[in-house]
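Count the sequence shown with UniProt numbering and you get residues 1 to 593, in order.
Think of the CB as a built atom: it goes at the ideal place given N, C-alpha and C, for glycine as much as any other residue.
The structure under discussion appears below in the form of structure tokens.
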Amino acid sequence: MSRVLCRLTRYHFVSYKHPTHLGVKSIRKFSDFGLKSQFPREIAEKIVNNFDHIRNDSIPLNASQDSFLRKNMNLRSYPTLSKYVKELNAVLRKATFIGCTIVEKEKNLDNAILHFRGYERGESACLCFSPNYFPLYPTCTSPYRGVTERSLDYFEHVLSGLTGLRVSGMHTPYAFRSIIQIDFADATNMENVLYKIVIVSERTNKMLLVDNTDQIVLGSSECLLEDELKDNEDVGKKLQIKEPKKLIPRADETFKEFITNFKSYNNTSVIKAFLSVYEGLDYNFISGLCKESEVDPGSYFYKIPDVNHFYEQFIKKVKSTLENDGHYEDLIRQVYDIFGSLSPAYRLNRLIEKTLDMAKDLKRRLEASAAVSEKEGNEEKLAVLNEKLEGIEDYQIAIENISVSRDPKKLENLEDFHEQILMISDLVAYKAAAKKKKLREARETKVQKKTTKVGRIMSVAINDREDSPVLIVGKNAKQNEVVTHELRQKGDLWLHTKDCPGAHVILRNYANDEHSVQIAADVASFMSKNRQLANVEVVVADIAKVRKEKHSLLGAVLVEEFKTVIGSPERGAKVISDHKVRTQASPVPFSKS
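Below you can see the structure in the form of structure tokens.
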């Protein structure tokens, strides 16, 4: 495929109501702006050196749970994302694009690795695109295998048209939108952007390849196969970014416009009002604004003592965000610490180490057993052991070949090898793990089917720790039925207001912490018909003592043993309110470094 790419079939340009796409001139304007806001040389060198630790796979990571990953999705909000992309630009500016490796999971895109070669040192550098979590995060080096070594997937083939072009810049071209853009140019004229990769991060993430001359979308991460093109809404059409549902913060917004925007939110907390009115703001932005203005973010908007001063601080903060100034925060490392373990390259490296160690240990034990059998003259057992040894040696050779190639596409094969060696090594442990996995998958499938019918069930973490106690709250009779009888686990506590209709609440992982029990009681009292009272009696019982009687009404239960505590609806309301704020935009975690 030539550098200019095979042009895909173009569709007639469909005019749209809002001029949301950027023309060539405005794109270059944003690109130039992004390139001017560079870090000082010493900071840029520090960023590159820190990235080298990631590239060389010298940072150990812990596998992150799904709930922890989703909690930190606020990192892709514009104020943080723009600073993060600025750091990436310091690493990859002028780097040469090598190619793309698509990793599939059941014929859907699991991850895509973008391969680059550094400008000054020629080192390999990789970024990982994820359709489900953080859109683009750094990963350890993964060698690229091109068309001479393998058959490329359709989207890999499309992106191979960029091979040899250089990154002229990385930036966030749309103000307060979670969109990343990588511009590509020929080495002879870095100012002339030929193509660009646009990564749109909304509910899910998608990666688009766009011709910068006429803004036609040439490829999409949602089209892994060529026959999927006919069903895709992007490919062959002019780049179009959907209009946001909320307002975009503007540096030229007048005080009158500002007041009008909040006309319907005077009796809403400041933080909730801002999240409801404006696109692209996060908890850090709003809490920082409130701190600078000496305003309580939880107080009602109409209670702001000096609205003029608050407005001025808001405009100042919007300008600062758009200019992308401020201190270096090492956001590359923060993103890697949270999302890096998802990378196929990282997972492959760790599984190679784990599987080789397991195979080496198993071979040692089999050789010792074979020596004993040979000494005892037990030829039948010796033959079985020798057969297992041959199998282990074959696995070792296959794993070492994967270790040499470090091909992320071999991750699935390696997982199979690991499972087979585990089965030979410890059949009891293998069967136990397989049974546990089967039960977990069955339970998850069952719960998913149930919750699909009754709507989303509220799950509230009591604190920010990974092992935090969790509240599972039903909001109606159908959800109560699911919470109490489908989502229950051994060791859970069950809470419900005494002699009053209300939510069924499960407290999990509480570890005999009375403070967590009190919070759960407060929530149960708030989610009841007695929420208008100052104090409400709440029943607390071990889930094992809660059962459903035959032919009873939906949500009705029989509780055999319980104690009663006093819940505060006012405190419960604050817990629920804080939870809703966190789920919309939770604070950015500090770097571990």
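Three-state secondary structure (DSSP) of residue i
i, result
"residue 597", "Given that the chain is displayed from residue 1 to residue 593, the structure contains no residue 597 and the question cannot be resolved."
"V147", "coil"
"Q518", "helix"
"R547", "strand"
"F184", "strand"
"Y119", "coil"
"I332", "helix"
"C126", "strand"
"C223", "coil"
"L348", "helix"
"S64", "coil"
"R250", "coil"
"F97", "strand"
"D207", "The displayed chain sequence assigns Met, not Asp, to residue 207. If DSSP states are grouped into helix, strand and coil, M207 belongs with the strands."
"S276", "helix"
"M527", "coil"
"N111", "strand"
"Y137", "strand"
"H327", "coil"
"R406", "coil"
"residue 619", "Residue coverage of the chain in this structure runs from 1 to 593, which leaves residue 619 outside it and unanswerable."
"S229", "Here residue 229 turns out to be Leu, not Ser, going by the sequence shown. Three-state result, L229: helix."
Rounded straight-line distance, which links the Cα of residue j to that of residue i
i, j, result
"V307", "A175", "25 Å"
"L127", "M423", "35 Å"
"V483", "K206", "34 Å"
"N266", "L289", "18 Å"
"I472", "S459", "5 Å"
"N212", "K237", "13 Å"
"residue 599", "A477", "With the chain running from 1 to 593 in the structure shown, residue 599 is simply not present."
"G280", "L136", "18 Å"
"E257", "K272", "18 Å"
"V200", "E367", "55 Å"
"L229", "L385", "53 Å"
"H579", "A95", "42 Å"
"G161", "I576", "50 Å"
"K319", "S269", "24 Å"
"D66", "S568", "31 Å"
"V538", "I43", "56 Å"
"A520", "K291", "30 Å"
"F262", "N463", "31 Å"
"K574", "K86", "37 Å"
"R250", "E312", "12 Å"
"N413", "A461", "37 Å"
"R350", "I421", "16 Å"
Buried/exposed call for residue i, threshold 16 Cβ in 10 Å
i, result
"residue 670", "Nothing can be reported for residue 670, as the shown portion of the chain is limited to 1 through 593."
"V277", "buried"
"R508", "buried"
"K409", "buried"
"Q215", "buried"
"R177", "buried"
"I98", "buried"
"P344", "buried"
"R121", "exposed"
"T254", "exposed"
"S220", "buried"
"A544", "exposed"
"Y346", "buried"
"R456", "exposed"
"P469", "buried"
"A63", "exposed"
"Q181", "buried"
Nearest-angstrom Cβ-Cβ length linking residue i and residue j, presumed shorter than 8 Å
i, j, result
"S293", "H309", "6 Å"
"L209", "I102", "Contact flag wrong, Cβ pair sits at about 13 Å."
"M190", "N89", "Their Cβ separation, rounded to whole angstroms, is 13 Å, which puts M190 and N89 out of contact at 8 Å."
"G326", "K83", "7 Å"
"L558", "R547", "6 Å"
"A282", "P79", "The displayed chain sequence assigns Asp, not Ala, to residue 282. That belief holds up - the Cβ atoms of D282 and P79 are roughly 6 Å apart, short of 8 Å."
"A370", "L382", "6 Å"
"F274", "I286", "5 Å"
"F116", "L81", "F116 to L81, Cβ: 20 Å. No contact."
"residue 599", "I54", "Outside the displayed span of the chain (1 to 593) sits residue 599, for which this structure offers no information."
Own chain, CB closer than 7 Å to residue i, minus 5 neighbours either side, in chain order
i, result
"S403", "I352"
"L194", "L165, F184, A185, D186 and N212"
"V295", "V270, I304 and F310"
"E374", "L382"
Residues near residue i in its chain [Cβ-Cβ closer than 6 Å; skip 5 each side]
i, result
"N480", "G474, H504 and G555"
Contacting residues, own chain, Cβ-Cβ under 8 Å from residue i (five flanking each side not counted)
i, result
"V48", "A90 and V91"
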